[in-house]
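Here is the structure we will look at.
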Amino acid sequence: MARLRSRNPWLALGALCLGLFMILLDTTVVNIAVPSMLTDLHTGLDEILWVVNIYVLAYAVPLIVAGRLGDRFGRKKLYVIGLVVFTGASGLCGVADSGEQLIVARALQGVGAALMNPQTLAFVTVLFPPAKRGAAFGAWSAVTGMSTIAGPLLGGLIVEKLDWQWIFFVNVPVGVCGLLLVLLWVPESRTQARHSFGPLGIALLTGALFAVTFGLLEGSRYHWGTITGRLSVPLLLAVGVVLLAAFGLLQWKGRDPLVPVRLFADRNFTLANVVATAVGFAMVSLLPLMLFLQAVLGLTPLQAGVVTAPASVIAAVIAPFAGFRADRTGGKYLLIAGLLAFAVGIAAAAVTARPGLSSWAILPAVAAIGAGIGLLFTTMTNVAVGDVSPELSGAASGVFNTTRQLGQALGTAAVGALLQATLHHTLTDEALRRSAGLPSAHRQEFVDSFEAVGDSGLFAQAPGNTGTAGAAGQQMQQLSTEVFNHGFVSAMRWTLLLPLGFAVLAALCCLGIRNHRAAAAPTALVNRPADTPVEGTSP
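Residue numbers (my numbering): 306 to 844.
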């Protein structure tokens, strides 16, 4: 039988999604705690950025391998192992008293998350029949969308009311609870086929994803130049592309490939992964928006999270309905609608943003972004893996999640680099223009104070007191705030054009999707006898 027998598949999915929410939340929630970590751990920004990036790196690289391991050894088993690793690593993060310890613990967190994520999506294809997968994908996507946007709100609340360590400590009881629910409600699932995992294929794929992801995440820190000795960011990216091409050739010729080439023979799967990459890229647009709320409007992290929270609520409400609709009509036009709604939200944020704006004036843009996310995550997941046979579900889930993570890494690199470049230009122009009213002896000093700010990208903030005393110092401080606020808003508007363009191009790609009904999918594709079911239990 291809589909697992479980007394209540929705309980099983709920147990899996509890862990899913936790691991996805940790991709964004830590950003809010960066200032507190800098103070408490007595370390530099470069080391703290590694705390953020090492999780993404350790999470993104093993996803495909983890998906196939679940197919081979049991999806429940891999999920449980990953949850134990993630929960234990969260406790280690909380007790870390140095940047180095926190980086190692965050890497372990990422590995645990990578083992868990592909199994959750693969379980949808084996717990639910084709006609009900859209609704299940809706629930899965609602959790994914909420976790993406809820990070700043929950992170701000925890840091403000408790301390940054509790961002990690709260994972421990949640992880233990999730483990018990999975053991009780989720049946085991594995394929009958015995996959062989060639070490060459795993080495090529791991090396390729590591090189590309590391290059994208750390490129700006090395100014897209030399890392050490002869090793440079462009060389590392080129090596990653070559290794990825070699892996593709090996998979094409291999008998039991890690990533079956026949997955990409399905036009919908291929296009859905293109869309997932674009969505991961476009989602990075939320970072400049959060920075605008805090650095320009002066909101605390918690207040900024409250302002953006409606997007989570709207996405959570829309996602299940999008899943039901996709079951009946297919996902083509829902995807297009979601991408355009997201693009409208980004455009509205760019047009609305200005210094002195009421924070709630951004709400229409936030609502449009939330509606887009609610339509997107459900539908692109359904289009990508809704019709995949259970024997390929782990591989399909791993590929799908990997492309989204790579899109996010690419977006972080591109948006950060563009914001940095445009900030340097807009701040310099604003400083030169507004310094005309300063005494001539202080003009160059004032302009020079923005040099470092323009190089800070996503961590930009107005320069502090220049040390000039008296009325001239007060005037310079006031002008400094005005220069930063107007310069940042101008740079943000130009920067947001990039993710907006990706969203529109992805909408055009969706025109090639076959809009068949999920319920009418060929039974040979979705119901072949690939899984060995074991009865689940429920209390």
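Every residue, glycine too, gets a C-beta built ideally from N, C-alpha and C.
{"query": "In or out: A823 buried (at least 16 other Cβ within 10 Å) or exposed?", "result": "Caution is warranted here: a pLDDT of 42 is assigned to A823, below 50, making its placement in the model unreliable, and no coordinate value can be reported."}
{"query": "Excluding sequence positions up to five away, which residues of its chain have a Cβ less than 7 Å from the Cβ of T731?", "result": "G792, S795 and A796"}
{"query": "Could you please give me the residues that DSSP links to L536 through a beta bridge?", "result": "T533"}
{"query": "Identify whether S403 lies in helix, strand or coil by the three-state DSSP scheme.", "result": "coil"}
{"query": "Is G721 helix, strand or coil when you go by DSSP?", "result": "helix"}
{"query": "Once you ignore the five residues that flank S446 on each side, which residues in its own chain have a CB closer than 6 Å to its CB?", "result": "A624, F682, T683 and T686"}
{"query": "What do you get for V366, buried or exposed, if any count of 16 or more other CB atoms within 10 angstroms of its CB means buried?", "result": "buried"}
{"query": "Check L596 in the structure and name its three-state DSSP category.", "result": "helix"}
{"query": "Going straight from the alpha carbon of A646 to that of L680, what length do you get?", "result": "9 Å"}
{"query": "So, for A371: in the same chain, excluding its five sequence neighbours on each side, which residues have a beta-carbon less than 6 Å away from its beta-carbon?", "result": "A419, L420 and P423"}
{"query": "Do N578 and F705 have their CB atoms nearer than 8 Å?", "result": "yes"}
{"query": "Is it buried or exposed, G324, if we count other Cβ atoms within 10 angstroms and call 16 or more buried?", "result": "buried"}
{"query": "Looking at C-beta atoms only, is the number of pairs between the segment 563-570 and the segment 535-542 that lie closer than 8 Å three or more?", "result": "no"}
{"query": "Mark P572 as exposed unless 16 or more other C-beta atoms lie within 10 angstroms of its C-beta, in which case mark it buried.", "result": "Note on residue identity: the sequence assigns Arg, not Pro, to residue 572. The residue is exposed, with fewer than 16 neighbouring Cβ atoms inside 10 Å."}
{"query": "Could you tell me the boundaries of the alpha helix (DSSP H) in which W315 lies?", "result": "P314 to L330"}
{"query": "Where V409 and T634 are concerned, what is the direct C-alpha to C-alpha distance, given to the nearest angstrom?", "result": "47 Å"}
{"query": "What residue does the alpha helix (DSSP H) around L514 start on, and which one ends it?", "result": "P504 to E523"}
{"query": "Let me know if P504 comes out buried or exposed under the rule of 16 or more other beta-carbons within 10 Å of its beta-carbon.", "result": "exposed"}
{"query": "Rounded to the nearest angstrom, what separates I651 and I386 at their Cα positions?", "result": "39 Å"}
{"query": "The alpha helix (DSSP H) spanning G480 covers which residue range?", "result": "N476 to W490"}
{"query": "Going by the beta-carbon positions, is the gap between L548 and G512 smaller than 8 Å?", "result": "yes"}
{"query": "Can you give the Cα-Cα distance for L522 and I328, rounded to whole angstroms?", "result": "19 Å"}
{"query": "Could you tell me the boundaries of the alpha helix (DSSP H) in which D571 lies?", "result": "Taken as a continuous stretch (DSSP letters only), D571 belongs to no alpha helix (DSSP H), as it is neither H nor E."}
{"query": "Please tell me whether T425 and V481 are closer than 8 Å, where the distance is taken between their beta carbons.", "result": "no"}
{"query": "My output table needs one value for S341: the three-state DSSP class, helix, strand or coil.", "result": "helix"}
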